[in-house]
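> Numbering (UniProt numbering), first residue to last: 1 to 263.
Quick one: the structure is below, and I'll ask about it shortly.
This is the structure in structure tokens:
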């Protein structure tokens, strides 16, 4: 046993052992400092960017891009809320709050979430595509204050079935909030082929007369009358403008809708 400890002691004192120990220590320290340096860079440790105060009349939504330019911070509008007490585009909520009030700093690239005021009443878009008929979909939209516009498309789907719902040329998802009065395009199936009919001239007719005329040609009528207090007066109102118009060789898909303005 004595000779074993002597040999062990001599090995520990040897140059080879000391060099290996030194190399191990250097390797461990390199890994530790390298990891800390990487984490410091990756997490931007110690970086502090002040969150500006965007609430109130300090900045309008139209000016916010210029206002935040160079501040290394972005924004995201969570919602537009109908408010009559604030000018449109006014920010009334932000998260996180301004550093001057909360003492909170953020890192570069962080987005401040905003809620802004609007003067448009908003309604949720219903789910119509693939579930409802043209007539039922039109009724649902009108009840929500939205204006239906019909586009027919050849399809093997059932006749007069809503295939798509669009807003400003793009598909609109159910639940999305839109301003009242928005035009919603309903793409409706008319079977494998679509027939067209000439657009009749409705100007000068009463709404009742115009509706009867369109029904004879398998067309629907949508009425816009700001001066009509009720349905009875609307039926007696006179058409002053229509879309599509009846000039030239104007045609419309059978079953389509003619929009009229009446007084």
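Where a beta carbon is used, it is the ideal one built from N, C-alpha and C, also for glycine.
Predicted, not measured: the structure shown is a model, and the values here were computed from it.
For residue 288, which residues does DSSP report across the bridge?
Since the first residue shown for the chain is 1 and the last is 263, residue 288 is missing from the structure and cannot be characterised.
> May I have a chain-ordered list of the alpha helix (DSSP H) segments no shorter than 4 residues that lie completely inside the UniProt domain "PASTA" (119-190)?
The qualifying runs are 134-143.
> Looking at the unbroken alpha helix (DSSP H) that takes in residue 100, where does it start and where does it end?
Its alpha helix (DSSP H) spans residues 99-102.
> Looking at the secondary structure, which residues open and close the beta strand (DSSP E) in which residue 221 lies?
Counting along the chain, the beta strand (DSSP E) containing residue 221 begins and ends at 220-224.
> State the DSSP-derived secondary structure class of residue 44, mapped to helix, strand or coil.
Because the pLDDT of residue 44 is 47, which lies under 50, any placement of that residue in the model is unreliable, and the number read from its coordinates should be weighed accordingly. Residue 44 falls in the coil class under three-state DSSP.
> Reducing DSSP to helix, strand and coil, say where residue 50 ends up.
In this structure, residue 50 counts as strand in the three-state DSSP scheme.
> On the premise that residue 178 lies in contact with residue 123, defined as a C-beta separation below 8 Å, what is that separation, rounded to the nearest angstrom?
Indeed they touch by this definition, with Cβ atoms about 6 Å apart.
> Does the beta-carbon of residue 148 have 16 or more other beta-carbons within 10 angstroms, so that it is buried, or is it exposed?
Counting Cβ neighbours within 10 Å, residue 148 comes out buried, since at least 16 surround it.
> Going by other Cβ atoms of all chains shown within 10 Å of its Cβ, with 16 needed for buried, is residue 95 buried or exposed?
Per the 10 Å Cβ criterion, exposed.
> Cα separation between residue 237 and residue 182?
Cα-Cα distance, rounded: 24 Å.
> Under the three-state reduction of DSSP, which class applies to residue 203: helix, strand or coil?
Note: residue 203 maps to coil in three-state DSSP.
> Closer than 6 Å by C-beta to residue 141: which residues in its own chain qualify, once you throw out the five before and the five after it? Chain order, please.
Cβ neighbours of residue 141 beyond the five flanking positions: 148, 184.
> If you run the structure through DSSP and keep just helix, strand and coil, what is residue 232?
Three-state DSSP puts residue 232 in a helix.
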